[in-house]
Amino acid sequence: MQVALTPVDWLRRAVKLYPAKVAVIDENVRFTYRQFGARVNRLSHALRRAGVENGSKVAVLCPNTHPMLEAFFGICQLGAAIVPINIRLQAEEIAYILDHSDAEVLIVDSEWGSVVDPILSSLPQLHTVIQVNRGHSSPLQAVDYEEVLAAAPDDPIAIDLDENQPLSINYTSGTTSRPKGVVLTHRNSYLNAANFLFHLRVEHDDVYLHTLPLFHVNGWGGVWALTAVGGTHVCLRKVDPAVILRLFTEEGVTLACAAPTVVNMLVQHPGVESIRIPHRTRMATAGSPPPAAVIEKAERYLNMEIIHVYGLTETAPFITYCEWTRDKEVLDEDARARAKARQGVEMIFAGDVRVVHDDGSEVAWNGMDIGEIVARGNVVMDGYYKNPEDTAKAVRDGWFHTGDLAVVHPDGHIEIVDRLKDVIISGGENVSSVEVEGVLYQHPGVLEAGVVARPDERWGEVPVAFVVRKPGANVTEDELNAFCRARLAHFKVPKAYHFVDELPRTGTGKLQKFKLREMLWAGMDKRVH
1 MQVALTPVDW
11 LRRAVKLYPA
21 KVAVIDENVR
31 FTYRQFGARV
41 NRLSHALRRA
51 GVENGSKVAV
61 LCPNTHPMLE
71 AFFGICQLGA
81 AIVPINIRLQ
91 AEEIAYILDH
101 SDAEVLIVDS
111 EWGSVVDPIL
121 SSLPQLHTVI
131 QVNRGHSSPL
141 QAVDYEEVLA
151 AAPDDPIAID
161 LDENQPLSIN
171 YTSGTTSRPK
181 GVVLTHRNSY
191 LNAANFLFHL
201 RVEHDDVYLH
211 TLPLFHVNGW
221 GGVWALTAVG
231 GTHVCLRKVD
241 PAVILRLFTE
251 EGVTLACAAP
261 TVVNMLVQHP
271 GVESIRIPHR
281 TRMATAGSPP
291 PAAVIEKAER
301 YLNMEIIHVY
311 GLTETAPFIT
321 YCEWTRDKEV
331 LDEDARARAK
341 ARQGVEMIFA
351 GDVRVVHDDG
361 SEVAWNGMDI
371 GEIVARGNVV
381 MDGYYKNPED
391 TAKAVRDGWF
401 HTGDLAVVHP
411 DGHIEIVDRL
421 KDVIISGGEN
431 VSSVEVEGVL
441 YQHPGVLEAG
451 VVARPDERWG
461 EVPVAFVVRK
471 PGANVTEDEL
481 NAFCRARLAH
491 FKVPKAYHFV
501 DELPRTGTGK
511 LQKFKLREML
521 WAGMDKRVH
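Using full-length UniProt numbering, you'd call the opening residue of the sequence shown number 1 and step up by one each time.
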């Protein structure tokens, strides 16, 4: 017998086995799995009445709240694809995603009503807007989320799903000026969530805090994994160290995922020395792991185990984790810190992950031979939505090319040392340097621009711009900063502007970004954080 692999089926299991257990905690609201399942079914029926069917696209612009969790199941169990949108984007960026994804319905939190309202007239295919009202004034003329649910039945939804059909379209900043829609299937997401379950050791009694934005590759799969075992989801509307620490103690949080900057925020929070969390907690983080001193404080004050993971939106996202074995316990502090900085070994359900030369041959496992990380397996995306050209560039000869340059140590652990792609990862957010450059080129006083990453203690790395002024132009840093902030999400705005006479280029005119990075990363052994 063969049954479609889909993570939405795990809610059926949880409702069946743990109906009275608390499934979701969202500030003062609590739902059992029976109640949560009923709300999900009501949302599905409401969307069906709005014309959503198998193959439709439904966009969601919400923070980490219970409606966002409900959307993942309520949309996807219909066979429709969820399009989670980054809440930090500007109106123009949101409009592009809504248009490109062919979204017919938008579920939006009222806090973003004023952002969405002006762009709706340019989106004729978006026929229904549902607004989650959470105490924020909004100009949107939209139907109310709770009213929509109240008017719908809670009967179970029966749809024959194909495990290879799209479950989500997740937009990521790439090497072009426009974001690409990564199509992840039910099978992709199921096996990624299996990795989440296995390698983060998720159990029935876990209480999971959604510190990581759910729009980030479907919360890395936590939305599915915790439900699979009947764990408890704790929502977090915005990252606030005081609130996070309170929830760890009051709600008994045992597991979370976040960018390294969040861990640093927690250990730097005033009074953290007096906090004692009696139970062991786990925090999965990606990118450059927190410095050794931060990890030490997290272990001492928060009783926290840091688990370093690695992946990309295109791989659903997990493909490796830093496996910590007993033999590493004998290492001195510096050696332990270096070992924890590695991206690690392939996950069980990730497939085959290698580091290869341009000719496809594997690098030597000596910690020095550099190649590109490639992967093939069931977590690799179906492709970029409506973009076969970039799909063909990314997936070649059956391998997905990550664009990350790395070495492999003798124990098989991968460590990233640089990037081929012009992507900056700042505080867990992807920033396309080409997109930022495109905005700078719109300024009348800019002749040329090059954007690269600069190391940053808080965010890991941040975008920095090198600018050549047009002859006679006296554009200033403040002027460029205001210009960019009006056109880009604020995390994409350069944190510094260096005015230069010319940019380094090859004989054919190609910008040599590695030379710009060298100016900012001098003395460091790798060019990424």
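C-beta: ideal position from N, C-alpha, C; glycine also. Computed from a prediction, not measured in an experiment: that's the story for all the values here.
Rounded to the nearest angstrom, the gap between the Cα atoms of G252 and H490 is 33 Å. G445 has its alpha-carbon roughly 7 Å from the corresponding atom of N474.
The residues T32, Y33 and G230, in chain order, have a CB closer than 7 Å to that of K21 in the same chain once the five nearest residues on each side in sequence are set aside.
Contact check for L245 against H269 passes: the beta carbons are separated by less than 8 Å. Between T402 and A375, the C-beta gap is smaller than 8 Å, which places the two residues in contact. Taking 4 residues as the shortest admissible run, the segment 94-127 contains the following complete alpha helix (DSSP H) segments, listed from N- to C-terminal end: 113-116. Per the Cβ contact rule, the segment 55-72 is not in contact with the segment 177-185 (fewer than 3 Cβ pairs under 8 Å). For P124, the closest alpha carbon among the candidates E104, L140 and T281 is that of E104.
Distance from the Cα of K421 is smallest, within the candidate group L447, E389, I373 and H443, for I373. T313 places its beta carbon less than 8 Å from that of T172. At least 8 Å separates the beta-carbon of A284 from that of I319. For the options A406, V468, L247 and L266, the alpha carbon positioned closest to that of R458 is the one of L266.
Nearest neighbour of T281 by Cα position, chosen from F248, A258, A225 and I107, turns out to be F248. In the DSSP secondary-structure assignment, S432 is bridged to V423.
Its chain contains I424 and E461 as the residues whose beta carbon lies nearer than 6 Å to that of A453, once the 5 sequence neighbours on both sides are disregarded; these appear in chain order. Put simply, of E27, V83, P63 and L184 the residue whose alpha carbon is nearest the alpha carbon of M381 is L184.
Your pair S101 and V83 checks out as a contact, with CB atoms roughly 5 Å apart and the cut at 8 Å.
For C235, the secondary structure class from DSSP, reduced to helix, strand or coil, is coil. When G113, L197, K513 and H413 are compared, the shortest CA-CA separation from A449 is found for K513. In the structure shown, V8 adopts coil according to DSSP, grouped into three states.
Between the segment 194-202 and the segment 45-55, the count of C-beta pairs closer than 8 Å stays below three; the two stretches do not touch. Under the 10 Å beta carbon count, S137 is surrounded by fewer than 16 other beta carbons and is classified as exposed. Distance from the CA atom of V24 to the CA atom of V234, rounded to whole angstroms, is 6 Å. When the beta-carbon positions are compared, A335 and A292 stay at least 8 Å from each other. C-alpha of F36 to C-alpha of W220: approximately 21 Å in a straight line. Look at L209 here: in three-state DSSP terms it is strand. If you look at N192, you'll find it isn't in any beta strand (DSSP E); it sits in the alpha helix (DSSP H) that goes H186 to H199.
Here E333 has A292 as same chain residues with Cβ atoms under 7 Å from its own Cβ, once five neighbours each way along the sequence are excluded. For D478, the uninterrupted alpha helix (DSSP H) segment begins and ends at E477 to R485. Along the length of the segment 337-413, whole alpha helix (DSSP H) runs at least 4 residues long occupy 388-394, reported in chain order. Distance from the CA of C484 to the CA of A59, rounded to the nearest whole angstrom, comes to 26 Å.
Under a 10 Å Cβ-count criterion, T476 is classified as exposed, with fewer than 16 other Cβ atoms of the shown protein chains found around its own Cβ. Contact between N264 and V294 holds: their C-beta atoms lie close to 5 Å from each other, under 8 Å. If you draw a 10 Å sphere on the C-beta of L17, you find fewer than 16 other C-beta atoms in it, and that means exposed. Note: C257 is bridge-paired with A284 in the DSSP secondary-structure output. For P317, the secondary structure class from DSSP, reduced to helix, strand or coil, is coil.
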